[in-house]
Structures are given as C-alpha cells and as structure tokens.
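Asks: Protein chains in written order, with our numbering: chain V, 199 to 542; chain E, 199 to 542. The beta carbon of each residue, even a glycine, is placed where N, CA and C say it ideally should be.
2 protein chains.
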Amino acid sequence: MPAEDSAGRRRRGPSMADVARLAGVSGQTVSRVANDRNNVDAVTRDRVQAAMRQLGYRPNSAARALRNGEYRSIGVIVFELHSFGTTRTLDAIATAATISGYAINLVPVLDVTQSAVTNAFSRLGEQAVDGVIILIEAHTLDEAGVRLPHGLPVVVVDSSAHYDYPIVDTDQRQGARLATEHLLGLGHATVWHLGGPPTSFAADRRRRSWEATLLDHGREVPPVLDGDWTATSGYEAGRRLATNAEVTAVFVANDQMALGLLRALHEHGRDVPGDVSVVGFDDMEESAHFWPPLTTIRQNFVDVGRLSVDALIREIHAGEHHHEPVAVAAKLVHRSSTGPAPHR
Amino acid sequence: MPAEDSAGRRRRGPSMADVARLAGVSGQTVSRVANDRNNVDAVTRDRVQAAMRQLGYRPNSAARALRNGEYRSIGVIVFELHSFGTTRTLDAIATAATISGYAINLVPVLDVTQSAVTNAFSRLGEQAVDGVIILIEAHTLDEAGVRLPHGLPVVVVDSSAHYDYPIVDTDQRQGARLATEHLLGLGHATVWHLGGPPTSFAADRRRRSWEATLLDHGREVPPVLDGDWTATSGYEAGRRLATNAEVTAVFVANDQMALGLLRALHEHGRDVPGDVSVVGFDDMEESAHFWPPLTTIRQNFVDVGRLSVDALIREIHAGEHHHEPVAVAAKLVHRSSTGPAPHR
DNA sequence: ACGCGCGATGTTGACGTCAACATCGACGGC
DNA sequence: GCCGTCGATGTTGACGTCAACATCGCGCGT
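Take a look at the structure:
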C-alpha cells in the first residue's frame, strides 16, 4: 500500500471533482452538499452523499482555508504540561474553541532557553492559525525579546499589564487576599508565604497581594520563601519552615508546593492544622485528598479558558483589542488544613 | 482597524506577490528565499528578506499544504486532560511531533456520550491533518461504533489488541506484575487490588496481570474494588478497605486513587506502611511527596509519546501498519509506602 | 572569438474549493 | 400562449505556493 501513485506524487484523497464525476453532477453541486446548502434537490443530494461515502471523500481543509481566507484554528503556545494550572486552562481553551468552531493548534516550547521560545514563535508564524493564545509565563516572553508576526491576533493568559495584547487571568490579587485574610481571621498573628518563582507574574501578584493584606491589617511581614511550583521545591522550603516554631500559618502559592510543605511538616512532627495552618492555590482535584485535605483558593479555569477564546475570536473578527485586562474571580475552599492559631 | 478591506473581503496578510513586487523580483525567488534554497544570490536574498520583514510576510500554510498535498500536522483526540497519564502522554506526543516537524491538532471530545465521540471524529475528518493519534480509552470507541474516515492513518495509545490500527502503550502486564511481586516479596500473604474503571482496557490488563501473578505464586485472590481513576473514588474504596483488618497490601491502579486510599487509611488510623503497604501506578511528580511518599510503577510516557508519533509518521509516509503492538516497559520506584508485612 | 555550461532568475500551471455569475426549465398570472 | 420568476444546476476564475520548465547572462576552455 504505497503512499505515492505511479507518477511518484503523494497520493491524495478523492476531491470534489471525483465525487462529482461519480455522482454525475458538477463540482459546485458537491460543494453545496458538503456545505449543507439547502438549494439542492433531495434526490441529487442523496446521490452525491452516496458518492461521497463510496469514495471516502473528506473536504480538503487546506483548499477551503485558502479559498476562504481563514483557518478556523487558533494556536496555543504552552511551555509544559507539568503544571496543573496550564493543563487545566488548556483543557478549557480547547473546549471553548471547539464549541466556537475553532480547531486547536498546540505549539509546545521545547525548553526554557530563549532560542527555544524564539523557535516556537517562528514556527507559529508558519502555522495555519488565525490567532494565538499564549499560555507561557510572560516573563519568558520578555527575556526572549520576541516579536510575534505582525497582524496576528494574540491573547495572553497571564497577570501582567506589560503587554500590548489583551490579557485574561485569574484575579491573583483577590485570591491571595482571600487566603491571607482567611488565616488572619482564624487568629494567626501573621501569615508566612511560600511563593512561586520570581520570574512569574502570577507568583509576583500573589506575593504582593499577600504582603499588602498583611500591611493593611497592621501585621508583620515575614520573609518570603520562593519555590518553583513543584512539590519538591515546596518540600525543600517546607523543611526550613517546619523547624521554625514561629510559623503557625502559611499561604502557599500553589497546591503542588503545598503538598511538599505538608510532607515536610509531617516529617518534623508538626500537626496540621493543630500547629500550622496551610492554604494552597489552584484547587486541583487531588487537593481534597491530601493529608489533611487542603484548604485552598479555587481558580476558575473554565472561565479563564472561555474568556480568552472569546477575546481572541473577537479580535480575529473585528480587529478589536486593548481591552482592560480581564480578571476572573477565585474563591476560597475551606477544608481541614486550616484551623485556629495554637495557644502559646 | 477593520478586518475587511473596502471590497468587504476578509483582509489577508501580504502574499508572495506583494513581497516580490516590493523587492523587485519574481514570486518564485521569494519562494526560494522563504524555503531556504541555496540558489539565490546573497544580495537578492537580503533584499527579499528586508521586504518580508517590512511587510510582515508570513507564508500561507493553507496554500502550501494545498500545493504540497500534506499538512505536516497530526491530530490528537483526547477525552479530557484531567487524568495525569493522558496529559503526560499528550505532552510527550507534542514534543516528539514538534521535533519531527509536525504540528499538533488537538481535538477534544466534549463529553462521554456516543454522539460527542462521533462528533469529534467527524470534526476530525475535516481537520487539516495527515494522521491521527487516539488518546481516549478504546472502549469508548467501541461503544460509539465509529468508523474513522477511510485512508486516514491512525495510531491508538491503549492496551487493546482489538483494533485495526497500530497500538502503542505502557506494558501494563509487566508493570502490574512488578507491583504485585514487590508486595509479595515483602512477605504479604496476598495483595488486594483497587482497579480502574471496568471500561478501560488498561485497567483490565492491570487487574488481570495482578490476578495472574497471585495465582502464579499460589496465593488467594481477594475481591477487586473498582474506582474511576479519581482520588475521590480511591478514597471511597479506601474507606471499605481500611476497615478490613485482613488487608495488609494494596496495589492501586493509579496514583490518584492511591492518594485517596492513603487518606482513608489515615482517617481510620491505619499506619502506612506499618499496617498496610500501598503501591500505585503512573508515578506522577506529586507521588514522591504524598504522605507517606508513594511506592509506584513509573510509566515511561516520553517513550510512549515518541513511539506513537514515530509509528504514525511511518504509516503516513509508507502506508505501513499492522505492526505488533508496541509495549513500553514500566519500572518500580520504591518509596516509603511499602514495607514488610505486619506480624499477626 | 565562439559556444558551452552553469548559476540566477522568471513564467506557467495545478493543487481543491467556493462565490459570483450564467443557464435552463417549469410553472403561474394575465 | 407569452413572459416573468424562481429553483436547480453548471461554468469560471481566484485564493497563494512551488515544481517544472524556460530564459538569460557571464565566465571559461579551446
């Protein structure tokens, strides 16, 4: 079963012309049937559909895209699917795009180096897409100093206002405040913070909002520990926190790091929430089954995905952009990892 | 900034002709520069590249695909990105495809109903792809009774031999045996099993191999509990296992359910691994930080992704298929959730 | 000095689809 | 019975790219 015909050309599927010939109609009539136009006689329609089935015809989307001037496809640049948030957002974007009749073109950035990012962007320039959603942390964009191809609509899912593109993201500020005030409300003197990588805008926002909330309440601001979103980094930071008896409440910038922190606390025999209360951020499915089940800030990934797709499609069709950044509210999910401050 | 020109047509980006006009050369020369052919004078090349930059030219991939008869893109059908294994495999596929110069077209199945699957498949028929990798559990395929468009190369990532397509997957049999024998080797009289959904071929393989291993060693085969891959289902099954004093060793079909089981065991005051040993399957990043850190079977998702892409590309180019199913070896990662059987 | 070869560049047409326009026949109103 | 109308169908050309072929000019060998 060779993939080339006798002339050495790549074998192609049947085209409209083939279907037309078999059904004894013109190509245009086949086109009308394929596109569900109603001005075709029922008998003719049946004949054409039978011919399509017999030949295994499927419309050539390249020709269609060329003809129509649009791909009905959006590119999504992702760095890696290891982080829960990215994965979940991608899922939501894919769903929203499909519902809106757009296909998803996944463009992975192969590694963290600038050249890889640049590379992904230039690959993207050649991709069959009408617009792009960027799901990598925008700082990386900065460092790579890349210009996207001019005229390609773009939406960034991140928490920076530094870009010329529309932005959609969880309201990090509000979420972090929620977490911090929850802990203060339980009577803790102050709240420690295990933050995400300094290069992340989202992590930066969460950290700043945590700090602002403490100051608003006239509390002392303890030193920040930085992780890199992984459970391992949370564990390592946790080993330092666990030995500090002053620590009674920690706001962790994501659930994965919180898991590592919980492990470190267990290893040092510190009870959660008896000795230390912990709040995470994200609300992964697993968080409800951590030991103890984790109190956390739930991000609404579905809305983030839907809103970014909507914004992109609007941009594609109307050329609109430069809206205000869209912030999607987060909410607190109270479980067993937080409790009243211990008596001294 | 309207998206249509004065004639009401969708605005398109500049074409080769525009670049050619600006650079004062023919379209063909622009094509040669765009494709990095070497038979272009250095001076001319520079002039053309300058014109490209000035106009923001990017090649029209629809025209290119039409002309060349291939899209250089592969479709990946996924059901949902909630499960760790799917996500990780997708990541590996995307990476492998990119390295091989193929783009990824992500086609989500919106829900579990047959019509949604059928729908996804027919959408796929219209997608600009040269081949398809199916990442949903193949039983769903069965139920939907769908025929993929004839002539579209397909690879299935699953553990069934029921399909007419090449198959790549983790060696479930070997992985499950590894887990079971690890527990028997620690002196446990027998091993209980918390399995995945009965509709999953992978779950079925793991269950059968666990059973066969027990029988090989002349052990009693306890009743199986079924989950649905989620931590919540693991927790629910775990509540039943935790009250049964006979249970000293459990092989869980994935890490997420194992997490739920661990929680249930903690809630019932059963020590892990003192009273009960637990082995998972997958080795998600988080598993190393469960409490206690989880002994588990590590799947080699990178190889699964790479091999399925390779198989698909081979099929696309040579029309080869019907190879033997490819099974990728798994390995045991020993952590703290398993230990010697308790003395009675 | 003549022609041959070769590298650089130009010209043509085809890939598959679909909007716009053209055609054709039937039917109804007068 | 004539014409206008409308629905069904056919014909043409353009979307942007690139392989194949054509052309042009320069340098080198004899």
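1) List the residues that DSSP assigns as beta-bridge partners of residue 303 of chain V.
2) Please compile the residues from chain V whose C-beta is within a distance smaller than 7 Å of the C-beta of residue 492 of chain E.
3) Mind checking whether residue 267 of chain V and residue 210 of chain E have CB atoms under 7 Å apart?
4) For residue 387 of chain E, tell me which candidate among E/413, E/527, E/365 has the shortest Cα-Cα distance.
5) Touching or not, the region 251-265 of chain V and the region 211-231 of chain V, by the rule of three or more beta carbon pairs under 8 Å?
6) My guess is that residue 327 of chain V and residue 259 of chain V are in contact by the Cβ rule of under 8 Å, so how many angstroms apart are they, rounded?
7) Which class does residue 535 of chain E belong to by DSSP, given the choice of helix, strand or coil?
8) Please identify the residue among V/475, V/333, V/505, V/443 whose C-alpha is closest to the C-alpha of residue 494 of chain V.
9) Could you compute how far the alpha carbon of residue 205 of chain V sits from the alpha carbon of residue 514 of chain E?
10) Which whole runs of the beta strand (DSSP E) in the region 364-451 of chain E are 3 residues long or more, in chain order?
11) So, is the C-beta of residue 487 of chain V closer than 7 Å to a C-beta in chain E?
12) For residue 282 of chain E, which of E/232, E/428, E/369, E/399 has the nearest alpha-carbon?
13) Considering only DSSP beta bridges, list what residue 496 of chain V is partnered with.
14) Does the beta carbon of residue 233 of chain E sit closer than 7 Å to a beta carbon anywhere in chain V?
15) What are the boundary residues of the alpha helix (DSSP H) that residue 225 of chain E is part of?
16) Can you pull out the residues from the region 448-471 of chain E whose beta carbon lies closer than 8 Å to at least one beta carbon of chain V?
17) Give the DSSP bridge partners of residue 332 of chain V, in chain order.
18) Measure the CB-CB distance between residue 392 of chain E and residue 435 of chain E and report whether it falls below 7 Å.
19) Alpha carbon to alpha carbon, how far is residue 452 of chain V from residue 367 of chain V? Give it in angstroms, no decimals.
20) According to DSSP, which residues form a beta bridge with residue 475 of chain V?
21) Taking C-beta pairs closer than 9 Å, name the residues in chain V that residue 280 of chain E reaches, listed in chain order.
22) Output the distance between the C-alpha atoms of residue 313 of chain E and residue 225 of chain E, rounded to the nearest integer angstrom.
23) Counting Cβ pairs closer than 8 Å, one from the region 442-459 of chain E and one from the region 418-427 of chain E, do we hit at least three?
24) In whole angstroms, what is the alpha-carbon distance linking residue 445 of chain E and residue 480 of chain E?
25) Can you pull out the residues from the region 308-333 of chain E whose beta carbon lies closer than 7 Å to at least one beta carbon of chain V?
26) Where does residue 315 of chain E land, buried or exposed, given buried means 16+ other C-beta within 10 angstroms?
27) Would a check of beta-carbon distances place residue 302 of chain E closer than 7 Å to chain V?
Replies: The answer reads as follows:
1) Taking the first sequence and counting its residues from 1, one reaches residue 303 of chain V at position 105. Looking at the DSSP assignment, residue 303 of chain V forms a beta bridge with V/273, E/303.
2) The residue labelled residue 492 of chain E in the question sits at position 294 within the second sequence. Within chain V, no residue comes near residue 492 of chain E; the closest Cβ sits about 11 Å away, beyond 7 Å.
3) On the first sequence, residue 267 of chain V is found 69 positions in, with the first residue counted as 1. On the second sequence, residue 210 of chain E is found 12 positions in, with the first residue counted as 1. Against a cut-off of 7 Å, the Cβ pair of residue 210 of chain E and residue 267 of chain V comes out as a contact.
4) One-based indexing of the second sequence puts residue 387 of chain E at position 189. That would be E/413, whose Cα lies nearest to the Cα of residue 387 of chain E.
5) yes
6) Reading the first sequence from its first residue, position 129 is the one you call residue 327 of chain V. Reading the first sequence from its first residue, position 61 is the one you call residue 259 of chain V. About 13 Å; that fails the 8 Å criterion.
7) Position 337 of the second sequence, counted from the first residue, corresponds to residue 535 of chain E. Of the three classes helix, strand and coil, the one that applies to residue 535 of chain E here is coil, per DSSP.
8) Indexing the first sequence from 1 puts residue 494 of chain V at position 296. That would be V/475, whose Cα lies nearest to the Cα of residue 494 of chain V.
9) Start at 1 with the first residue of the first sequence, and residue 205 of chain V comes out as number 7. Start at 1 with the first residue of the second sequence, and residue 514 of chain E comes out as number 316. Bear in mind that the predicted position of residue 205 of chain V carries a pLDDT of just 37, short of 50, making it unreliable; the figure below should be weighed with that in mind. Approximately 18 Å between the Cα atoms of the pair.
10) 366-368, 390-393, 422-424, 447-450
11) Locating residue 487 of chain V in the first sequence gives position 289, counting from the first residue. Closer than 7 Å: yes.
12) One-based indexing of the second sequence puts residue 282 of chain E at position 84. When each option's Cα is compared against that of residue 282 of chain E, the closest is E/428.
13) For the purposes of this step, residue 496 of chain V is taken as the residue at position 298 of the first sequence. Its beta-bridge partners are V/480, V/529.
14) Translated into the one-based positions of the second sequence, residue 233 of chain E becomes position 35. Judged by the 7 Å Cβ criterion, residue 233 of chain E is not in contact with chain V.
15) Taking the second sequence and counting its residues from 1, one reaches residue 225 of chain E at position 27. Counting along the chain, the alpha helix (DSSP H) containing residue 225 of chain E begins and ends at 225-232.
16) 454, 457, 458, 460, 461, 464
17) Residue 332 of chain V sits at position 134 when you count from the first residue of the first sequence. DSSP, once it has assigned bridges, lists V/275, V/354 as partnering residue 332 of chain V.
18) Counted from its first residue, the second sequence places residue 392 of chain E at position 194. Counted from its first residue, the second sequence places residue 435 of chain E at position 237. Cβ distance < 7 Å, so residue 392 of chain E and residue 435 of chain E count as in contact.
19) Position 169 of the first sequence, counted from the start, is the residue given in the question as residue 367 of chain V. Position 254 of the first sequence, counted from the start, is the residue given in the question as residue 452 of chain V. So the two alpha carbons sit approximately 15 Å from each other.
20) Within the first sequence, numbered from 1, the residue matching residue 475 of chain V stands at position 277. For residue 475 of chain V, which the question treats as bridged, DSSP gives the partners V/447.
21) What you label residue 280 of chain E is simply residue 82 of the second sequence in a count that begins at 1. Here the neighbours are 285, 286, 289, 483.
22) Position 115 of the second sequence, counting from 1, holds the residue named residue 313 of chain E. Position 27 of the second sequence, counting from 1, holds the residue named residue 225 of chain E. The alpha-carbon atoms of residue 313 of chain E and residue 225 of chain E are separated by roughly 47 Å.
23) yes
24) Mapped onto the second sequence, residue 445 of chain E falls at position 247. Mapped onto the second sequence, residue 480 of chain E falls at position 282. Taking the straight line joining both Cα atoms gives about 22 Å.
25) 308, 323, 324, 325, 326
26) Along the second sequence, one-based indexing puts residue 315 of chain E at 117. Buried, since its Cβ has 16 or more Cβ neighbours within 10 Å.
27) As a working note, residue 302 of chain E is residue 104 in the second sequence. By this cut-off, residue 302 of chain E is an interface position.
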